[in-house]
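Under UniProt numbering, the first residue of the sequence shown carries the number 1, and numbering increases by one thereafter. Virtual Cβ for every residue (Gly too), placed ideally from N, Cα, C. Just so you know, these numbers come straight off a predicted model, no measurement behind them. One structure is given below, encoded as structure tokens.
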Amino acid sequence: MDAATRRELDDLRRRAYGPQPDIDDAGMARLALLEDEARRDAAPAASPGARPAERAARLAPAGTLPAGTTPTGTTPTGTTPTGATAAAPATAAATTPAHAAPSTPRRRAPLLPIALAVAGLLVAAYATPLLVEAAAPASAPDPTPAATASATAAMRAPGIPAAAATPLISIRLEGSFGRRIDIRRPREAGAEPIMGETPAFPSQRPLAWALDLGDYYGWELWIAGGLPTPGVIDDDREHCVLLRRDAQIRGDCEPLVAKEAGALHVTLDGVDIPVAETPAEMEPFQEIRFWWLADGTVRVVLGDFDSRRP
Numbered sequence: 001m002d003a004a005t006r007r008e009l010d011d012l013r014r015r016a017y018g019p020q021p022d023i024d025d026a027g028m029a030r031l032a033l034l035e036d037e038a039r040r041d042a043a044p045a046a047s048p049g050a051r052p053a054e055r056a057a058r059l060a061p062a063g064t065l066p067a068g069t070t071p072t073g074t075t076p077t078g079t080t081p082t083g084a085t086a087a088a089p090a091t092a093a094a095t096t097p098a099h100a101a102p103s104t105p106r107r108r109a110p111l112l113p114i115a116l117a118v119a120g121l122l123v124a125a126y127a128t129p130l131l132v133e134a135a136a137p138a139s140a141p142d143p144t145p146a147a148t149a150s151a152t153a154a155m156r157a158p159g160i161p162a163a164a165a166t167p168l169i170s171i172r173l174e175g176s177f178g179r180r181i182d183i184r185r186p187r188e189a190g191a192e193p194i195m196g197e198t199p200a201f202p203s204q205r206p207l208a209w210a211l212d213l214g215d216y217y218g219w220e221l222w223i224a225g226g227l228p229t230p231g232v233i234d235d236d237r238e239h240c241v242l243l244r245r246d247a248q249i250r251g252d253c254e255p256l257v258a259k260e261a262g263a264l265h266v267t268l269d270g271v272d273i274p275v276a277e278t279p280a281e282m283e284p285f286q287e288i289r290f291w292w293l294a295d296g297t298v299r300v301v302l303g304d305f306d307s308r309r310p
């Protein structure tokens with residue numbers, strides 16, 4: 001086997017048995033032929049001075065002996081080999097190699113799946129620790145329970161910043177909450193609006209109604225809606241959200257378009273909340289914010305907000 005053929009054999013071996021097997025059927029057939037050729041080249045050659053019977057014994061297939069010889073390579077007693085008979089076995093053996101290549105090249109098809117399987121296992125064994133390390137950072141937070149995650153997603157809405165990470169309450173404005181107070185001025189009667197116990201909302205335009213939603217964290221929660229400005233095409237009615245505790249008031253009023261964008265809310269600091277009403281999860285630097293959103297809910301969330309309204 002010359003150097004070029006030897007290099008071809010080494011390349012085919014790497015393709016078949018290397019860490020990343022990529023050999024095809026034609027390559028496997030060629031590899032089988034070259035392996036047979038390499039084995040033939042590695043077989044011991046007969047020495048020039050050997051007797052014909054010895055050369056025939058070395059070249060004959062395993063389990064056979066040249067004609068006219070004993071297992072020890074000597075001529076049987078009473079017989080004298082002639083030149084023709086002694087040379088015949090050597091001539092036959094020289095024309096028929098000890099390991100002649102079969103008519104159909106042998107294929108090592110089972111080796112390819114095994115090599116692929118072993119390579120796959122090695123890659124998986126190497127990649128698995130990397131995937132686990134990438135999926136689990138060194139300081140991964142405790143997993144959020146599914147119920148808490150669902151509640152958080154349900155409490156989020158457009159207009160609520162990421163800082164509001166802890167939802168507390170979601171108040172749906174359906175059904176009846178306390179007393180709905182009509183504070184419109186009846187034009188036909190010319191009477192004064194029925195204010196009653198309605199707090200003073202910081203509205204810039206006339207209000208039509210107010211609604212007491214109950215007490216939260218020691219404060220009364222109110223919302224109110226206004227009247228549109230006559231002759232204005234766009235709806236500029238104001239909506240208000242307000243918290244009242246004794247003589248203290250925290251309120252905000254915004255046009256309808258600002259409310260739909262999530263800009264209508266009022267905030268309480270920790271010092272504004274009685275100790276007995278403070279949520280257990282509230283930190284000293286956090287605040288509670290009440291958002292009136294366009295989806296018909298008032299969301300109460302806990303967070304660290306960069307700015308707050310009065």
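Per DSSP, cross-strand counterpart(s) of residue i
i: GLU254; result: HIS239
i: SER170; result: ARG299
i: GLU287; result: ASP269, GLY303
i: ARG244; result: GLU220, ILE249
i: GLY214; result: LEU221
i: GLY226; result: LEU207
Per-residue DSSP class, three states only, for residue i
i: GLU220; result: strand
i: ARG15; result: helix
i: ARG7; result: helix
i: ASP2; result: coil
i: ARG205; result: coil
i: ALA163; result: Residue placement at ALA163 is poorly supported in this model, since its pLDDT is 47, which falls under 50; the coordinates still yield a value, given next. Of the three classes helix, strand and coil, the one that applies to ALA163 here is coil, per DSSP.
i: LEU293; result: coil
i: ASP24; result: coil
i: GLU197; result: coil
i: ALA263; result: coil
i: ALA280; result: coil
Beta-carbon spacing of residue i, residue j below 9 Å
i: LYS259; j: ALA210; result: no
i: PRO206; j: ILE249; result: no
i: PRO167; j: VAL266; result: no
i: HIS239; j: LEU264; result: yes
i: ALA280; j: CYS253; result: no
i: LEU242; j: GLY251; result: yes
i: ARG15; j: ASP22; result: yes
i: LEU12; j: GLY27; result: yes
i: LEU268; j: GLU283; result: no
i: THR226; j: ALA247; result: It should be noted that the sequence gives Gly, not Thr, for residue 226. Not in contact: GLY226 and ALA247 (Cβ atoms no closer than 9 Å).
From the options, residue whose alpha carbon lies closest to that of residue i
i: ARG7; options: ARG299, PHE201, ALA38; result: ALA38
i: ARG289; options: ASP22, ILE171, MET28; result: ILE171
i: ARG244; options: GLY214, GLU281, SER203; result: GLY214
i: TRP291; options: ARG15, MET282, GLU277, ALA261; result: ALA261
i: GLY270; options: GLU254, LEU256, PHE305; result: PHE305
i: LEU173; options: ILE273, ASP11, ARG299, GLU287; result: ARG299
i: CYS274; options: ALA29, ARG30, GLY218; result: In the sequence on display, residue 274 carries Pro and not Cys. Per the Cα distances, GLY218.
i: SER203; options: ASP10, PRO21, PRO228, LEU12; result: PRO228
i: ALA4; options: ALA208, ASP212, LEU34, ALA16; result: LEU34
i: ARG237; options: GLY231, ASP246, PRO255, GLY251; result: PRO255
i: ASP36; options: ASP25, ASP24, GLY18, MET1; result: MET1
i: ASP272; options: THR297, GLY296, TYR216; result: TYR216
i: THR297; options: ALA276, GLU277, ALA42, ILE169; result: ILE169
The ligand ADP heavy atom lying under 8 Å from the CB of residue i
i: GLN204; result: Only the bare structure without any ligand can be found here, which leaves the ligand ADP out of the picture.
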